[in-house]
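The sequence shown lines up with residues 10 to 121 when you count with our numbering.
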Amino acid sequence: MAQRLTYRRRLSYNTRSNRVKVVKTPGGKLVYQYQKKPVKAPRCGDCGVALPGLKALRPREFSQVSKTQKSVSRAYGGSRCSHCVRSRIVRAFLVEEQKIVKKVIKAQTIKK
Numbered sequence: 010m011a012q013r014l015t016y017r018r019r020l021s022y023n024t025r026s027n028r029v030k031v032v033k034t035p036g037g038k039l040v041y042q043y044q045k046k047p048v049k050a051p052r053c054g055d056c057g058v059a060l061p062g063l064k065a066l067r068p069r070e071f072s073q074v075s076k077t078q079k080s081v082s083r084a085y086g087g088s089r090c091s092h093c094v095r096s097r098i099v100r101a102f103l104v105e106e107q108k109i110v111k112k113v114i115k116a117q118t119i120k121k
C-alpha cells in the first residue's frame, strides 16, 4: 500500500499557492516538495506581447534584481515593446507635421 503523505506547512487545502510534488528521499520515504508558482514575463502595456530582454520572475524576485535586468536602454524600455515605441514616435512626428501644414495653409489663405 502507498505511503500516506501530509502537508509540511499549515495550509491544508489544495490551492494555487499550495501546489506539491511527491519526491522520494534518499532514505526511501515519500515527501511533499512545494512547487513555486509559474512565472509570466513582463508584457507590453499597449499590445500585450512579452517584452524581450527582460527576465520572467515572480514579483518578489523581480524587485530584488538590478535595474539593468528590469529594463532595456531605450525610451519606454521595460514598459513598451520596440514596435509600440516606434509607432508612438511616428505618430507624434505626423501630428507635428500636420500642425505645420495647417499653419501654412492658414497663412496662405490669409495672404489671398
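In this text, a Cβ means the ideal position worked out from N, Cα and C, and glycines have one as well.
Status (buried if at least 16 other CB within 10 Å, exposed otherwise) for Cys56:
exposed
On the DSSP bridge assignment, give the partners of Gln42 in chain order.
Lys30
Quick check on DSSP: helix, strand or coil for Arg69?
helix
Do you know whose CA, among Ser21, Phe71, Arg18, lies nearest Val48's CA?
Phe71
Which one or two residues does DSSP pair with Ala59 in a beta bridge?
Arg52
Extent of the continuous alpha helix (DSSP H) run through Ser75:
Premise fails: Ser75 is in no alpha helix (DSSP H) and is neither H nor E.
Would you say the region 33-42 touches the region 63-70, given that touching needs at least three Cβ pairs under 8 Å?
no
Gln78 to Ser91 span [Cα, whole Å]:
17 Å
In whole angstroms, what separates the C-alpha of Tyr22 from that of Ala50?
28 Å
Looking at the structure shown, is Thr118 part of a helix, part of a strand, or coil, going by DSSP?
helix
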